[in-house]
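*Asks:* Going letter by letter, the sequence shown gives residues -33 to -1, 1 to 417 in mature numbering (1 follows the signal peptide of the UniProt record, and there is no 0).
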Amino acid sequence: MRIPRNGRFALLSGALATVLVAAGVAVTGSAEAATTLGASAAQTGRYFGVATSAFRLSDTNYMTILNREFNSIVAENDMKWDATEPQQGRFNYTNGDRLVSHAQSRGMKVRGHALLWHAQQPSWAQGMSGSALRNAAINHVTQVATHFRGKIHSWDVVNEAFADGGSGGRRDSNLQRTGNDWIEAAFRAARAADPGAKLCYNDYNTDGINAKSTGIYNMVRDFKSRGVPIDCVGLQSHLGTTLDSTYQQNIQRFADLGVDVQITELDVQQGGNQANIYASVTRACMAVARCTGITVWGLRDPESWRTGANPLLFDGNGNKKAAYTSVLNALNAGGPTTPGSPSVSPSASSQPPAPGGCSAQVTLNSWNGGYTATIRVTAGSGALNGWSVGVTVPSGGAVTSAWNATNTGTSGQVTFRNVSYNGQVPAGGWTEFGFQGTGTGPTATPSCTA
Ligand code: 9MR
């Protein structure tokens, strides 16, 4: 079955378009077709990314295409556990840093892949178990997310933790054997280390409604209900010659839980349907406002991990394939986005910092029934040596967890104070803390006292 085509907003009547805009849904169309993948995705606030490696930065043909076409990159291997912590407690960020600095120099986003995974563990971790492994794993999350703090758009915090087949349960692994709560522990550690990054759970064979994707769906719903910080689900989408008829419906059901969805590792077996499947995947993402970006898992066919499948958008000479054109057209057809997309939008304007004092600004990431709030504390003309922020939590809701601050009270007027490591802020500088809550998020500008 074909994925329904939802990109044709040119056919919308003016009246319907008005209703959609009034409902807070921006509609973008194809008035001016962009000519690169990144630019066309950006028209609807999305990104279009590619998996790459630091050693490719010196390949001229490759980098010409990468720089021209993409507005996001992800490390295919350079930020994995074996690459970043080859010996316990000894971290190597050289290649990850090279990728980040290239992206920053071109204004590209960076996805982080992947903090914890049963595969590509360094050999020292493969041999560990129990609380020693748990502690090492959480330390890894903390160290790596801290190193890249502020530079990563979205982290794959946990990769491929669910089993294939019909069980809908977890995959056995050394990490799983440390206790079922290892995933939420990882997400909490990642949030504390880099509150600005979106935190994703990422997996494959989840490209439709099936037992595995339903297991993940249930985990995300549970995390949301208990205040475990999670912002996004990555659907890898390593695809064969057919596309599951429930592909878009599956994206939508995750979005309806209040998380973003990202297509994280797209590649499609070459064959009669390749261009159509690429187009259908792109249209499905474009049709869901919270599907915020697509990443292809490699640039030119011969470099794909799927030897012989030719599953990418460029051939070995760097020429655009038919699949490239079908993706570009689908991106240019437009789709709905939430204002300020991706889903985080500033909800209250900042006050100019009082001389010597501080100001606080809140950014909300909301879903039906809950939210996370990120609060930026900005120092005025003098340095801060401790701060507290007062937030009015709307009635009916409550704070369920906080990071990088301690709170007094959970409902009504709640006060957040700095923790040991973020009380000192230089003049004009800022620090951020966050909290998760039930109900609707605070909209009033918080007070800040230094
Ligand atoms: O493409 C990656 C390949 O170069 C590595 O050898 C392989 C190691 O397991 O990992 C590949 O990337 C995987 C990604 O990290 C997670 N999802 C599946 C990807 C393809 O195997």
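Even for Gly, the Cβ is constructed at its ideal location relative to N, Cα and C.
Using alpha carbons as the reference points, say which of Ser90, Cys167, Pro303, Met30 lies closest to Ile119.
*Replies:* Locating residue 119 in the sequence shown gives position 152, where the first residue counts as 1. The shortest Cα separation from Ile119 among Ser90, Cys167, Pro303, Met30 belongs to Cys167.
*Asks:* Let's test the definition: count the other Cβ atoms within 10 Å of the Cβ of Ser293 and tell me whether it reaches 16, buried, or not, exposed.
*Replies:* Looking up residue 293 in the sequence shown gives position 326. Classification for Ser293: buried.
*Asks:* In angstroms with no decimal places, state the Cα-to-Cα distance between Asn177 and Arg220.
*Replies:* As a first step, residue 177 is located in the sequence shown; it is residue number 210 there, counting from the start. As a first step, residue 220 is located in the sequence shown; it is residue number 253 there, counting from the start. Distance between the alpha carbons of Asn177 and Arg220 is about 12 angstroms.
*Asks:* Between which two residues does the alpha helix (DSSP H) harbouring Arg220 extend?
*Replies:* The count along the sequence shown starts at 1 and reaches residue 220 at position 253. Per DSSP, Arg220 belongs to the alpha helix (DSSP H) from 214 to 223.
*Asks:* Who pairs with Phe402 in a beta bridge, going by DSSP?
*Replies:* To locate residue 402, count along the sequence shown from 1; it is residue 435. Beta-bridge pairing links Phe402 to Ala340, Ala369.
*Asks:* My guess is that Pro361 and Pro393 are in contact by the Cβ rule of under 8 angstroms, so how many angstroms apart are they, rounded?
*Replies:* Within the sequence shown, numbered from 1, the residue matching residue 361 stands at position 394. Within the sequence shown, numbered from 1, the residue matching residue 393 stands at position 426. Rounded, the Cβ-Cβ distance is 33 angstroms, inconsistent with contact.
*Asks:* For Gln380, which residues of its own chain have a beta-carbon under 7 angstroms away from its beta-carbon, when the five flanking residues on both sides are left out?
*Replies:* Here residue 380 is taken as the residue at index 413 of the sequence shown, counted from 1. Hits under 7 angstroms: Gly357, Thr359.
*Asks:* Note down the Cα distance separating Gly218 from Val255, rounded to an integer number of angstroms.
*Replies:* Along the sequence shown, one-based indexing puts residue 218 at 251. Along the sequence shown, one-based indexing puts residue 255 at 288. Inspection of the sequence shows that residue 218 is occupied by Ile rather than by Gly. Their backbone Cα atoms lie some 7 angstroms apart in a straight line.
*Asks:* Can you have a look at Arg158 and say buried or exposed, based on whether 16 or more other CB atoms are within 10 angstroms of its CB?
*Replies:* Translated into positions along the sequence shown, residue 158 becomes position 191. Arg158 is buried by the Cβ-count criterion.
*Asks:* Looking at the structure shown, is Asn28 part of a helix, part of a strand, or coil, going by DSSP?
*Replies:* As a position in the sequence shown, residue 28 is number 61, starting the count at 1. It is helical.
*Asks:* Is His69 a contact residue of the ligand 9MR, with contact defined as CB to any heavy atom under 7 angstroms?
*Replies:* Counting from 1 along the sequence shown, the entry for residue 69 is found at position 102. No.
*Asks:* Based on the DSSP secondary-structure assignment, which residues constitute the bridge partners of Lys287?
*Replies:* Taking the sequence shown and counting its residues from 1, one reaches residue 287 at position 320. Paired residues: Phe281.
*Asks:* Please state whether the Cβ-Cβ distance between Val41 and Leu82 is less than 8 angstroms.
*Replies:* On the sequence shown, position 74 is the one that residue 41 refers to. On the sequence shown, position 115 is the one that residue 82 refers to. No, they are not a contact pair.
*Asks:* On a CA-only basis, which of Asn374, Phe400, Leu298 is nearest Thr3? Give me that one, please.
*Replies:* On the sequence shown, position 36 is the one that residue 3 refers to. The residue from Asn374, Phe400, Leu298 with its alpha-carbon nearest to that of Thr3 is Leu298.
*Asks:* Exposed or buried, what is Tyr388 when buried is set at 16 or more other beta-carbons lying within 10 Å of its beta-carbon?
*Replies:* For the purposes of this step, residue 388 is taken as residue 421 along the sequence shown, with counting starting at 1. With fewer than 16 Cβ atoms within 10 Å of its Cβ, Tyr388 is classed as exposed.
*Asks:* Does the distance from the CB of Arg101 to the CB of Thr259 come in under 8 angstroms?
*Replies:* Locating residue 101 in the sequence shown gives position 134, counting from the first residue. Locating residue 259 in the sequence shown gives position 292, counting from the first residue. Cβ distance not < 8 angstroms, so Arg101 and Thr259 don't count as in contact.
*Asks:* Start and end of the beta strand (DSSP E) containing Trp354?
*Replies:* The residue labelled residue 354 in the question sits at position 387 within the sequence shown. Where Trp354 is concerned, there is no enclosing beta strand (DSSP E), given that its DSSP letter is neither H nor E.
*Asks:* Taking the alpha helix (DSSP H) that Asn90 falls in, what are its first and last residues?
*Replies:* For the purposes of this step, residue 90 is taken as residue 123 along the sequence shown, with counting starting at 1. For the sequence presented, residue 90 should be read as Ser rather than Asn. Here the alpha helix (DSSP H) through Ser90 covers 90 to 93.
*Asks:* Could you please give the first and the last residue of the uninterrupted alpha helix (DSSP H) stretch that includes Val108?
*Replies:* Locating residue 108 in the sequence shown gives position 141, counting from the first residue. Where Val108 is concerned, the enclosing alpha helix (DSSP H) stretches over 97 to 114.
*Asks:* Determine the extent of the beta strand (DSSP E) in which Asp227 is found, giving its start and end residues.
*Replies:* Here residue 227 refers to the residue found at position 260 when the sequence shown is read from its first residue. It spans 227 to 235 - the beta strand (DSSP E) in which Asp227 sits, taken as one unbroken run.
*Asks:* What do you get for Leu63, buried or exposed, if any count of 16 or more other CB atoms within 10 angstroms of its CB means buried?
*Replies:* Position 96 of the sequence shown, counted from the start, is the residue given in the question as residue 63. With the sequence shown as reference, residue 63 is identified as Gly, and Leu is not the correct amino acid for it. Buried: at least 16 other Cβ atoms inside 10 Å.
*Asks:* Tell me whether the segment 82 to 100 and the segment 133 to 152 touch, counting them as touching only if at least three CB pairs, one residue from each stretch, are closer than 8 angstroms.
*Replies:* As far as the Cβ criterion goes, the segment 82 to 100 touches the segment 133 to 152, which means the pair count is three or higher.
*Asks:* Alpha carbon to alpha carbon, what distance is there between Gly146 and Met186?
*Replies:* Mapped onto the sequence shown, residue 186 falls at position 219. Mapped onto the sequence shown, residue 146 falls at position 179. Rounded to the nearest angstrom, the two C-alpha atoms are 15 angstroms apart.
*Asks:* What is the rounded straight-line gap between the Cα of Val(-7) and the Cα of Phe190?
*Replies:* In the sequence shown, counting from the first residue as 1, residue -7 sits at position 27. In the sequence shown, counting from the first residue as 1, residue 190 sits at position 223. Its pLDDT being 44, under 50, Val(-7) is placed unreliably in this model, and the coordinates cannot settle the point.
*Asks:* Return the first residue and the last residue of the beta strand (DSSP E) that Asn126 is part of.
*Replies:* For the purposes of this step, residue 126 is taken as the residue at position 159 of the sequence shown. 121 to 126 is the extent of the beta strand (DSSP E) around Asn126.
*Asks:* Taking Cβ positions, are Leu266 and Leu24 nearer each other than 8 angstroms?
*Replies:* Sequence index remark: in the sequence shown, residue 266 carries index 299 (1-based). Sequence index remark: in the sequence shown, residue 24 carries index 57 (1-based). No; because the gap between Cβ atoms is not below 8 angstroms, this pair is not in contact.
*Asks:* For Val344 and Phe402, which I take to be in contact (beta-carbon distance under 8 angstroms), what is that distance rounded to the nearest angstrom?
*Replies:* As a working mapping, residue 344 is identified with position 377 in the sequence shown. As a working mapping, residue 402 is identified with position 435 in the sequence shown. Between Phe402 and Val344 the Cβ distance is about 13 angstroms, and since that is not below 8 angstroms, they are no contact.
*Asks:* Determine contact between the segment 283 to 292 and the segment 229 to 246, defined as no fewer than three beta-carbon pairs at a distance below 8 angstroms.
*Replies:* yes
*Asks:* In the DSSP assignment, find the unbroken alpha helix (DSSP H) run with Lys118 in it and report its ends.
*Replies:* Translated into positions along the sequence shown, residue 118 becomes position 151. First-last for Lys118: undefined, no H or E at that position.
*Asks:* Looking at the unbroken alpha helix (DSSP H) that takes in Ala156, where does it start and where does it end?
*Replies:* Start at 1 with the first residue of the sequence shown, and residue 156 comes out as number 189. First-last of the alpha helix (DSSP H) with Ala156: 149 to 160.
*Asks:* Does the distance from the C-beta atom of His107 to that of Glu52 stay below 8 angstroms?
*Replies:* For this step, residue 107 is matched to residue 140 along the sequence shown. For this step, residue 52 is matched to residue 85 along the sequence shown. Cβ atoms of His107 and Glu52: closer than 8 angstroms.
*Asks:* Taking 7 angstroms as the line, does the beta carbon of His80 fall inside it for any heavy atom of the ligand 9MR?
*Replies:* Within the sequence shown, numbered from 1, the residue matching residue 80 stands at position 113. His80: yes, Cβ under 7 angstroms from the ligand 9MR.
*Asks:* At which residues does the alpha helix (DSSP H) containing Asp189 begin and terminate?
*Replies:* Your numbering for residue 189 matches position 222 in the sequence shown. Run containing Asp189: 178 to 193, per the alpha helix (DSSP H) assignment.
*Asks:* Rounded to a whole number of angstroms, what is the C-alpha to C-alpha distance between Ser355 and Arg188?
*Replies:* Position 388 of the sequence shown, counted from the start, is the residue given in the question as residue 355. Position 221 of the sequence shown, counted from the start, is the residue given in the question as residue 188. Each residue's Cα considered, the two are about 32 angstroms apart.
*Asks:* Quick one: does the C-beta of Tyr168 sit closer than 7 angstroms to a heavy atom of the ligand 9MR?
*Replies:* Here residue 168 corresponds to residue number 201 of the sequence shown, with the count starting at 1. False, no ligand heavy atom lies under 7 angstroms from that Cβ.
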